[in-house]
Amino acid sequence: MPTPDSASPPAPQAETLRDALAGLLDGLPPRQAAGAVERLIASYRGRTPTDAPILRDRADVVAYAAYRMPATFAAVRSALTECAAAVPGWAPGSHVDVGGGTGAAVWAAGAVWPGARAVTVLDWAEPALALGREIAAADPGLRDVRWQRARIGTALTLEDADLVTVSYVLNELTAPDRAAVVDAAASAGQAVVIVEPGTPDGYARMIEARDRLVAAGFHIAAPCPHSAACPIVPGTDWCHFSARVSRSSLHRQVKGGSLAYEDEKFSYVAATRFPPAPATARVVRRPQIRKGQVLLELCETEPGLRRTTVTKRHGPLYKAARDADWGDAWPPPEEPGA
Ligand SMILES: C[S@@+](CC[C@H](N)C(=O)[O-])C[C@H]1O[C@@H](n2cnc3c(N)ncnc32)[C@H](O)[C@@H]1O
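Laid out in structure tokens, this is it:
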């Protein structure tokens, strides 16, 4: 999966977002910014869904945007990149981002599918929407985004859209509200992409959503090579991936240490109402490179997990295996015209 520090240089979209987020902290004493992040982390820690937004005021949302948005943007961009690879030639003409907060998924969709589209961001936290609008002013392509207040619940209905995203939201909802948002997304969307933290609980919520989407007639486009049940035995493992995120000085201040980046772990599912062309297999762990061989853990079309060893004897496939990354399709898709 391309990451800012590895395969390709950052897309202009990512740079524009990074600059806009850095600008939020201009003039804010570093200790005050770090204090706001620490308060936000504390209010997320160990919480169960509540009746009121966690992001209550501008200090909360600035902390969220500066501290978390680069990571949620990177995770959603990775998920959308893999979704796009499974639906060649398709691009969403409209996008609804549910629980969109400050708009990370809107920026990610812009990075994956450049060009104009009708976009609506829904959230119950007005300060998040207001800041999202302010950040989006940095990108002329995002100036027409509609930022609308809406509460996710059993009464939620969504306008029809080519793409519906729900990123890092299920975690904040009760079980009935999780079911309601997935059902609403399935009723409204041609493609639905759900991203959750890459933890056992995040994976469990993602699988619950995946099952609902399949039951609603959707096909899985990514990461799974099939729409059958996930082959992971519940409780033994969890499917997740990793996106590399550059650390800002605010990150370094809050987390300590001097690492220039961190790896955001996430679980995701991308599903389409129309038949996609999913990967033949997917690399589900970081490949292990040994002398003359690469060990790949794959999830395969015939639902199952398999470890395979690619050696020099496999010729060009060996080079491809050395370049393969956790989360990539396997074998790599052929370059157009190759
Ligand atoms: C962790 S943030 C994720 C924001 C954004 N999607 C992202 O990926 O960066 C969760 C968002 O869900 C919103 N949210 C949580 N419960 C909600 C509800 N019941 N109705 C509407 N929005 C809700 C929060 O206000 C917050 O903006």
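Quick note: the sequence shown uses the UniProt record's numbering, first residue 1, plus one each step.
Beta carbons are placed, not taken as given, at the ideal position from N, Cα and C, and that holds for glycine.
- Counting C-beta pairs closer than 8 Å gives fewer than three between the stretch 51 to 61 and the stretch 234 to 252, which falls short of the contact rule.
- Residue range 200 to 215 is occupied by the alpha helix (DSSP H) that includes isoleucine 207, with no beta strand (DSSP E) assigned at that position.
- Per DSSP, leucine 163 is not a residue of any alpha helix (DSSP H); the beta strand (DSSP E) it occupies stretches across 161 to 167.
- Using a Cβ distance threshold of 9 Å, glycine 132 and aspartate 144 do not count as a contacting pair.
- Going by DSSP, histidine 251 is part of the alpha helix (DSSP H) stretching over 249 to 255.
- Nearest to valine 233 by alpha-carbon distance, out of Asp183, Pro303 and Pro276, is Pro303.
- Secondary structure remark: continuous beta strand (DSSP E) runs of at least 3 residues inside the stretch 292 to 338, in chain order: 293 to 300 and 304 to 311.
- Taken through DSSP and simplified to helix, strand or coil, valine 76 comes out as helix.
- Residue environment for leucine 259: exposed (fewer than 16 other C-beta atoms within 10 angstroms of its C-beta).
- Where arginine 39 is concerned, there is no enclosing beta strand (DSSP E), although the alpha helix (DSSP H) around it starts and stops at 30 to 44.
- The beta carbon of threonine 272 lies closer than 7 Å to those of Val87, Gln190, Ala191, Phe218, His219 and Ala221 in the same chain, with the five residues before and after it left out.
- Proximity to valine 61 across Ala184, Thr102, Ala216 and Val193 peaks at Thr102, based on C-alpha coordinates.
- For the pair glutamine 288 and valine 269, the Cα-to-Cα distance works out to about 25 Å.
- For isoleucine 135, the enclosing alpha helix (DSSP H) starts and ends at 126 to 136.
- Apart from sequence neighbours up to five positions away, the residues of its chain that approach proline 332 with a beta-carbon distance below 6 Å are Ala320, ordered along the chain.
- Comparing C-alpha distances from alanine 215 to each of Asp201, Val182, Cys224 and Gly202 shows the shortest one belongs to Val182.
- Shortest gap from the CB of phenylalanine 241 to any heavy atom of ligand 1: 8 Å or more.
- Ranking Val121, Leu28, Val76 and Pro70 by CA distance to the CA of histidine 95 puts Val121 first.
- For alanine 243, the uninterrupted beta strand (DSSP E) run begins and ends at 241 to 246, by DSSP.
- Judged by DSSP in its simplified three-state form, alanine 271 adopts strand.
- Around the beta carbon of glycine 327, a 10 Å sphere encloses 16 or more other beta carbons of the protein chains shown; the residue is thus reported as buried.
- Here the stretch 251 to 258 makes no contact with the stretch 160 to 176; the two share fewer than three CB pairs at distances below 8 Å.
- Exclusion of proline 316 from the 8 Å shell around ligand 1 follows from its C-beta lying no nearer than that to any non-hydrogen atom of the ligand.
- Not one heavy atom of ligand 1 lies closer than 8 Å to the C-beta of proline 303.
- The beta carbon of serine 167 sits closer than 8 Å to at least one heavy atom of ligand 1.
- Taking each of Thr165, Arg149 and Ala279 in turn and checking the Cα distance to glutamate 126, the smallest one comes out for Arg149.
- Judged by DSSP secondary structure, arginine 286 falls outside any alpha helix (DSSP H); it is assigned neither H nor E.
- Here DSSP, grouped into helix, strand and coil, assigns alanine 65 to helix.
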